[in-house]
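Notes follow once the structure below has been shown.
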Amino acid sequence: MQARETFPPIPWGPSDLVKVMASSLAAAALFAATNATLLRAPADPAAAAAAGAPLHLAREGLLAALLPAAVLAALAPRAPWRAGLLQARWDGAWAVRTLAACAVVFPLADPLLYHAWAPAAEALFGPPAGGALAGQVRAAADAGDWGGLGAHLLASGLVGPVWEEVFWRGFFLASLTKVLPLPACVALSSLNFAALHLSPANFAPLLLLSATADALYLRTHNLMPPLLLHCLWNSSQLLAIAFLGKQEFV
Numbered sequence: 208m209q210a211r212e213t214f215p216p217i218p219w220g221p222s223d224l225v226k227v228m229a230s231s232l233a234a235a236a237l238f239a240a241t242n243a244t245l246l247r248a249p250a251d252p253a254a255a256a257a258a259g260a261p262l263h264l265a266r267e268g269l270l271a272a273l274l275p276a277a278v279l280a281a282l283a284p285r286a287p288w289r290a291g292l293l294q295a296r297w298d299g300a301w302a303v304r305t306l307a308a309c310a311v312v313f314p315l316a317d318p319l320l321y322h323a324w325a326p327a328a329e330a331l332f333g334p335p336a337g338g339a340l341a342g343q344v345r346a347a348a349d350a351g352d353w354g355g356l357g358a359h360l361l362a363s364g365l366v367g368p369v370w371e372e373v374f375w376r377g378f379f380l381a382s383l384t385k386v387l388p389l390p391a392c393v394a395l396s397s398l399n400f401a402a403l404h405l406s407p408a409n410f411a412p413l414l415l416l417s418a419t420a421d422a423l424y425l426r427t428h429n430l431m432p433p434l435l436l437h438c439l440w441n442s443s444q445l446l447a448i449a450f451l452g453k454q455e456f457v
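First residue of the sequence shown? That's 208 in this note's numbering, and the numbers climb one at a time after it.
Here you go:
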């Protein structure tokens, strides 16, 4: 079945895509400039360690301000929210369904799929690079730095997923529905989402998680269910690293 039969018609066209990409590149350039100046880690190792959590939160906060604003500003003339797009609405019934999906998908993604896939990825691409975030979270928990741990949780467990979901599900996935059937949209979106994380060991779990988030958005036309899944996944990973001895952030 074609996406346009089960998903709201996309009001933006090719010229709007160019505007979104141009405004997103401008936002990325502004972020890079700010990150290289105002958000640069101190040279002193001890000071850099202390600044890790606040800088993490500041960077995610800046991205959460810039990228959604870039997308919404470029698409504003088309008023996508009138078609029910690019909206996050609380829905108790779908919150329960999303929690049920998480209960099934999370253990499939990690540990099952991660531990089945990671050895093959390591054989092909070499051992994964050590995750700086996992190390910082573990150090904060070991030192009893609850403020630092809370900042990491807020950054990865809420703020980061906001800009990712607006751009990826709200714009990119929705744009695909203009030209592709729904299964192809999910496949292409999930493959790109997993690949762009640049972590071969995490590719298969992220593919499954992204496909689940894509399906939730295409079914509900609401950013809240995939955002809830994304926030819960990231938060559960960080809490497992902090308190359960988990070594990697998937």
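Each residue gets a CB set at the ideal place from its N, CA and C atoms; glycine is no exception. If you're wondering where the values come from, they're calculated on a predicted model, not measured in any experiment.
Going by DSSP in three states, residue i sits in which element: helix, strand or coil?
{"i": "Gln209", "result": "Caution is warranted here: a pLDDT of 40 is assigned to Gln209, below 50, making its placement in the model unreliable, and the coordinate value is therefore given only provisionally. Note: Gln209 maps to strand in three-state DSSP."}
{"i": "Pro335", "result": "coil"}
{"i": "Pro249", "result": "coil"}
{"i": "Pro388", "result": "strand"}
{"i": "Ala350", "result": "coil"}
{"i": "Lys226", "result": "helix"}
{"i": "Asn429", "result": "coil"}
{"i": "Arg296", "result": "coil"}
{"i": "Leu451", "result": "coil"}
{"i": "Leu446", "result": "helix"}
{"i": "Phe214", "result": "coil"}
Figure out for me which residue from the options has the closest Cα to the Cα of residue i.
{"i": "Ala347", "options": "Phe379, Leu395, Ala233 and Ala257", "result": "Ala257"}
{"i": "Val344", "options": "Ala336, Gly354 and Met431", "result": "Gly354"}
{"i": "Leu356", "options": "Pro368, Ala341 and Leu224", "result": "Ala341"}
{"i": "Pro275", "options": "Leu232, Phe313 and Thr241", "result": "Leu232"}
{"i": "Leu471", "options": "Ala280, Asp251, Gly452 and Thr241", "result": "As shown, the chain starts at 208 and ends at 457. That puts residue 471 outside it, with no answer to give."}
{"i": "Pro215", "options": "Ala411, Leu245, Asn441 and Arg426", "result": "Arg426"}
{"i": "Trp370", "options": "Pro388, His437, Tyr321 and Thr384", "result": "His437"}
{"i": "Phe410", "options": "Glu455, Pro318 and Ala325", "result": "Ala325"}
{"i": "Pro221", "options": "Ser382, Leu403 and Ala408", "result": "Ser382"}
Here's the rule I'm using: 16 or more other beta-carbon atoms within 10 Å means buried, otherwise exposed. How should residue i be labelled?
{"i": "Ser230", "result": "buried"}
{"i": "Glu329", "result": "exposed"}
{"i": "Thr190", "result": "Residue 190 lies beyond the residue range present for the chain, which begins at 208 and ends at 457; the question has no answer from this structure."}
{"i": "Arg296", "result": "exposed"}
{"i": "Arg247", "result": "exposed"}
{"i": "Phe450", "result": "exposed"}
{"i": "Met208", "result": "Confidence is the limiting factor: at Met208 the pLDDT is only 35, short of 50, which leaves the residue's position unreliable and the question unanswerable from this model."}
{"i": "Leu380", "result": "buried"}
{"i": "Thr213", "result": "exposed"}
### Task
May I ask you to verify whether the region 387-398 touches the region 410-422, counting CB pairs closer than 8 Å and requiring at least 3?
The count of Cβ pairs closer than 8 Å, one atom from the region 387-398 and one from the region 410-422, reaches three, so the stretches are in contact.
### Message
Assess contact between the region 254-274 and the region 284-294, defined as three or more Cβ pairs (one per stretch) separated by less than 8 Å. Is contact present?
### Response
These segments do not touch.
### Task
Taking 8 Å as the threshold, find out whether the region 245-265 comes into contact with the region 381-392 through three or more Cβ pairs.
Result no; under three Cβ-Cβ pairs closer than 8 Å.
### Query
Do the region 436-445 and the region 355-364 make contact, defined as three or more Cβ pairs closer than 8 Å?
Under the 8 Å Cβ criterion, the region 436-445 counts as touching the region 355-364, having at least three qualifying pairs.
### Query
Below 8 Å, can you find three or more Cβ-Cβ pairs linking the region 421-436 to the region 368-379?
Contact between the region 421-436 and the region 368-379 is present, with at least three C-beta pairs closer than 8 Å.
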